[in-house]
Amino acid sequence: MTRKREKRRLLLPGHFTEGVKSRAEAATYFIDLFVVRRLNTLGKGTDVSAVQEIFDALLAKGGTFPVAAWLGPVATTSSTPAASTDAPDSPNTAQAPSDPSPHTQEEPGAAAILIPPADTREPAQAAEELLSSMSLADAIHAETARIYDLCKQRDDFQEQLDVLQARIHAKKAEADAADTAAKLQEALKAKETDIQRHRSIRMVLQEKEAAGHS
Amino acid sequence: MLSDSASPAELRLPTGQQVYDALMVDIEKELLAGNAQDIDAAHADETPDQRQQRYERYLEAFINFDKAFAALTAQLHQAVETCKQNELSRDNIPPPAREDPSSVEHILPPADLSA
Chain A
4 MTRKREKRRL LLPGHFTEGV KSRAEAATYF IDLFVVRRLN TLGKGTDVSA
54 VQEIFDALLA KGGTFPVAAW LGPVATTSST PAASTDAPDS PNTAQAPSDP
104 SPHTQEEPGA AAILIPPADT REPAQAAEEL LSSMSLADAI HAETARIYDL
154 CKQRDDFQEQ LDVLQARIHA KKAEADAADT AAKLQEALKA KETDIQRHRS
204 IRMVLQEKEA AGHS
Chain B
26 MLSDSASPAE LRLPTGQQVY DALMVDIEKE LLAGNAQDID AAHADETPDQ
76 RQQRYERYLE AFINFDKAFA ALTAQLHQAV ETCKQNELSR DNIPPPARED
126 PSSVEHILPP ADLSA
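Those protein sequences? They're chains A and B, same order as listed.
The first sequence finishes on residue 217 if you use the numbering used here, and the numbering steps up by one all the way, no holes.
The second sequence finishes on residue 140 if you use the numbering used here, and the numbering steps up by one all the way, no holes.
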């Protein structure tokens, strides 16, 4: 058994609950910031049919979204539940999400930009919490992945801002463009702070790794 | 489906949980959002080994979910990028100039944490 497998034995049920929650939150965040904001930045006349098709396909009853194709052969390893989710003790949500009643975004202005609250944990504390559920190597890898994602997100913000400012300059922007630009600046700054924090966490982890190898 | 002239304000948006469930339903039904709180209740009689196997399965499911979500986000990014190109060219606005168009850190993309 590998060291990683041994570490995984330490995982507790709460990790899975948190895993579900954090992934649902990430989806919310992505939809708002990286789809809605970018489209609104372009203007209300933007043709969004391609984006809508993706959402519609994802939520279509019976499931027509190519999850299995994306995952390849590994999809079959976990596609069959070991126990019935129809059991009386288990909330029955085991069917495809039908009729999701997707909502319409009524006020797509600057106020809709989500800026998550800052994580105030000390880097050392955050590093310890990571190490409670994974090996040191995995934690460094995970933080590197996080930094990479955050950098990409930061660049997306920057791109939105660039486009919006180009539209403002060309006098093609919506009336609330200045507010949206200000909010994007704020979100960009928050992302930069987050990147720096995760770099600090990774540094703590790398110092531990260096100490372990000296 | 929206018409070709639909605006962002008319997007029929799913919630984050709906997106999560829509992807996870094909991967691991026990990890659907509505099941998460009582995830162990339906397995009260399992042995420690069975529980361990189940947790390993959940870990694999999360890894697969993350891959599926990454594919979804890539698809959405591409769709939005197409919207951007169409919109800017329609208004005769030149693409925004970027001093550093690829400012993502020059580190290896960590594609798969399960390796």
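Glycine residues also receive a C-beta, built at the ideal position from the N, C-alpha and C atoms.
Predicted model only: the values in this text are computed from it and were never measured.
Asked	Found
Members of the region 41-68 of chain A near chain B, C-beta cut-off 8 angstroms	Arg41, Leu42, Asn43, Leu45, Gly46, Lys47, Gly48, Thr49, Asp50, Val51, Ser52, Ala53, Val54, Gln55, Glu56, Ile57, Phe58, Asp59, Leu61, Leu62, Gly66 and Phe68
Cα-Cα separation, Asp182(A) to Val39(A)	15 angstroms
Residues of the region 98-116 of chain B whose Cβ lies closer than 9 angstroms to any Cβ of chain A, in chain order	Thr98, Gln100, Leu101, His102, Gln103, Ala104, Val105, Glu106, Thr107, Cys108, Lys109, Asn111, Glu112, Leu113, Arg115 and Asp116
For Glu21(A), three-class secondary structure by DSSP	helix
is_contact[Thr40(B), chain A] using C-beta, thresh 8 angstroms	yes
Backbone secondary structure at Arg76(B) - three-state DSSP	helix
Reference Ile171(A), options Thr44(A), Gln199(A) and Glu56(A), closest by Cα	Thr44(A)
Proximal residues to Lys10(A) (C-beta, below 8 angstroms), its chain only, five neighbours per side dropped	Confidence at Lys10(A) is low in this model, with a pLDDT of 46, below 50, so the placement of that residue should be treated as unreliable; the coordinate-derived value is given next. Around Lys10(A): Ser136, Met137, Ser138 and Asp141.
Proximity of Gly46(A) and Phe87(B) at Cβ, strictly below 8 angstroms	no
Any chain A beta carbon closer than 8 angstroms to Pro121(B)	yes
C-beta neighbour in chain B for Asp182(A), strict 8 angstroms	no
Neighbour list for Met207(A) in chain B, Cβ cutoff strictly below 9 angstroms	According to the sequence displayed, residue 207(A) carries Val and not Met. None at all; the shortest Cβ gap to chain B is about 18 angstroms.
Through-space distance from Ala178(A) to Leu36(B), alpha-carbon basis	20 angstroms
Run of the alpha helix (DSSP H) containing Lys47(A), from where it starts to where it stops	Segment: none, Lys47(A) is in no alpha helix (DSSP H) and carries neither H nor E.
CA-to-CA distance, Pro73(B) to Ser55(A), given in whole angstroms	Sequence inspection shows Gln at residue 55(A); the Ser mentioned does not correspond to that position. Each residue's Cα considered, the two are about 45 angstroms apart.
8 angstroms Cβ cutoff met for Ala27(A) and Tyr45(B)	yes
Within 8 angstroms, strictly: CB atoms of Arg41(A) and Gln128(A)	no
Anticipated Cβ contact below 8 angstroms, Leu208(A) with Ile143(A), distance rounded	5 angstroms
Beta carbon proximity, Ala30(A) to chain B, threshold 8 angstroms	yes
Reduced DSSP secondary structure (H/G/I, E/B, other) of Val65(B)	One detail in the question is off: residue 65(B) reads as Asp in this sequence, not Val. Note: Asp65(B) maps to coil in three-state DSSP.
Delimiting residues of the alpha helix (DSSP H) encompassing Asp165(A)	Leu139 to His172
Check whether Ser203(A) and Pro126(A) have beta carbons under 8 angstroms apart	yes
Cα-Cα separation, Arg200(A) to Arg115(B)	41 angstroms
Local conformation of Thr31(A) per DSSP, three classes	helix
Burial state of Ile118(A), where buried means 16 or more other Cβ atoms lie within 10 Å	exposed
Distance between Arg124(A) and Ile34(A) (C-alpha atoms, nearest Å)	27 angstroms
Close beta carbons around Ser104(A), own chain, < 8 angstroms, minus the five adjacent residues each side	Low confidence applies to Ser104(A): its pLDDT is 39, below 50, so where it sits in the model is not reliable enough to give any reading.
N-terminal and C-terminal residue of the alpha helix (DSSP H) that Leu134(A) is part of	Pro126 to Leu134
Within 8 angstroms, strictly: CB atoms of Leu191(A) and Ala180(A)	no
8 angstroms Cβ cutoff, Ser30(B) in contact with chain A	Caution is warranted here: a pLDDT of 40 is assigned to Ser30(B), below 50, making its placement in the model unreliable, and no coordinate value can be reported.
Where Val50(B) sits in the DSSP three-state scheme	coil
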